[in-house]
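Here is the structure we will look at, set down as structure tokens.
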Amino acid sequence: MKVHMSPRSHRMAIVGTGGIAAAHAEAIRASAGRAHLVAAADVDIDRARTFAAAWDAPHAYASLTELLREEQVDLICLCTPPGQHAPLAAQCLRAGVTVLVEKPPTLSLAELDELAALERRSPGHVATVFQHRFGPAAVRLRRMVADGELGRPLLATCATQWYRDDAYFAVPWRGNWTTEGGGPTMGHGIHQFDLLFSVLGPWREVSALAARQARSTDTEDVSMALVTFENGAVATVVNSVVSPRQTSALRFDFERATVEVEHLYGYTDDDWTLTAAPGHEDVLARWTPGSGGAPSGHADQLAAVLDALDNGEPPPVTVEDARRTMEFIAALYASAFTGERVRSGQIGPDSPFWLRMNGTAAPWDKVNTQ
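Quick note on this note's numbering: the sequence shown kicks off at 50 and runs consecutively.
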């Protein structure tokens, strides 16, 4: 009789113990023993120790360097401010350790391409946290699209309209091109339009605008884009941190149905609806959602990452997957700041928007320096 061995429990660590780190620790705890937290690290060692104690991690360190020297780990969750993502992820790769990086994975396409080159020489991998891809409704929708059950995608709308006050931006690294990489396009709407791309596939061209409407930041507080896709679909993408009624909303219009979701920071099956086109009511039976459940979150993605590690595969979301989303951000800023349409593949090493998301400077920066 063949004996099936249970997958081993993966040794994990969390670097950066701010607010989002708790979501990673909760996902590890919810993994039913597939992973366990062995260490936490933070430049504030007291905060690292408090976090480690709260989540039953036996060790706390003041740096990633110290953690890698003292611990044997299979996977590191990188939860630091965005400006530290690229150098710390590179350090993990050089140590041969796989790293799951909070969004945005880097501050620029240049940094992401450097990580991709380093990954090719390392046994470790880089995966980006885009957890909304992994909720059961999104998985179901992608399957139905791939199977042609909904017909051709025609139109989509994607809105991340949130509210962040001046106190939120008092944190030094927020609202700054050099430390956050961008405004709501980079730090807030990224989850929602990444989900859009995971359903509709490669985008082809973007025409956009970005503005500072109410916040005294270096970056934009609003952006809007018109997007065309290789499959012929068209979409609008709106990102905001000045909207008092907050929402995260996606609508997909296919030939045979409209599929919609509205939530804030995580959706359940109950947040999704499918409206059949006349004569195509049969698609309703194939949607068959579950009931309620936990909101889409880090636990769903961590389960997929652990599956990949158990199978010896690169964990999702790969650098290549994340690059499509990051390239869109660079293209949106390039279009907004130059007034030109930008095509996929257009932004390369010869473009200032490859090196930094604001290119040579945002228009309001130029006004301020005149």
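Even for Gly, the Cβ is constructed at its ideal location relative to N, Cα and C.
Within the model, the alpha-carbon separation for Ala-62 versus Thr-277 is close to 40 Å.
In this structure, the beta-carbon distance from Ser-345 to Gly-184 falls below 8 Å. Annotation for Gln-180: Ser-345, Gly-346, His-347, Asp-349 and Gln-350 place their beta carbon closer than 7 Å to its own, counting only its chain and skipping 5 residues before and after. Distances from the CA of Arg-300 to each of Gln-121, Val-148 and His-312 were compared; the closest alpha carbon is that of His-312.
DSSP places Val-310 within a strand segment (E or B) once states are collapsed to three. Residue burial is scored here from C-beta neighbours: Asn-360 has fewer than 16 other C-beta atoms within 10 angstroms and is therefore classed as exposed. For Asp-302, the pairing in a beta bridge is given by DSSP as Leu-204 and Thr-307.
By the 16-neighbour rule on beta-carbons within 10 angstroms, Leu-333 is exposed.
Spanning the alpha carbons of Gly-145 and Arg-372 requires a straight line of approximately 22 Å. DSSP places Trp-252 outside any alpha helix (DSSP H); the residue lies instead in the beta strand (DSSP E), whose first and last residues are 252-260.
For Tyr-110, no alpha helix (DSSP H) run applies; the uninterrupted beta strand (DSSP E) run containing it begins and ends at 108-110, by DSSP. In the displayed model, Ile-125 falls within a strand according to three-state DSSP.
For Leu-86, the uninterrupted beta strand (DSSP E) segment begins and ends at 84-90. By DSSP's assignment, Trp-321 forms a beta bridge with Val-310.
As DSSP reads the structure, Val-220 sits in no beta bridge. Spatial neighbours of Arg-261 in its own chain (CB-CB distance under 7 Å, excluding positions within 5 residues in sequence) are listed in chain order as Glu-269, Asp-270 and Trp-413.
Look at Val-146 here: in three-state DSSP terms it is coil, with no helix or strand label. When the Cα atoms are used, Thr-266 and His-237 turn out to be separated by approximately 15 Å. Ile-94 is positioned such that its CB atom lies no closer than 8 Å to that of Ala-84. Per the DSSP secondary-structure output, Ser-297 pairs in a beta bridge with Thr-209 and His-312. In the structure shown, Ile-63 adopts extended strand secondary structure according to DSSP, grouped into three states. Around the beta-carbon of Glu-151, 16 or more other beta-carbon atoms lie within 10 Å, marking it buried. When rounded, the separation of the alpha-carbon atoms in Glu-120 and Pro-153 is 26 Å. The three-state secondary structure of Ser-384, taken from DSSP, is helix.
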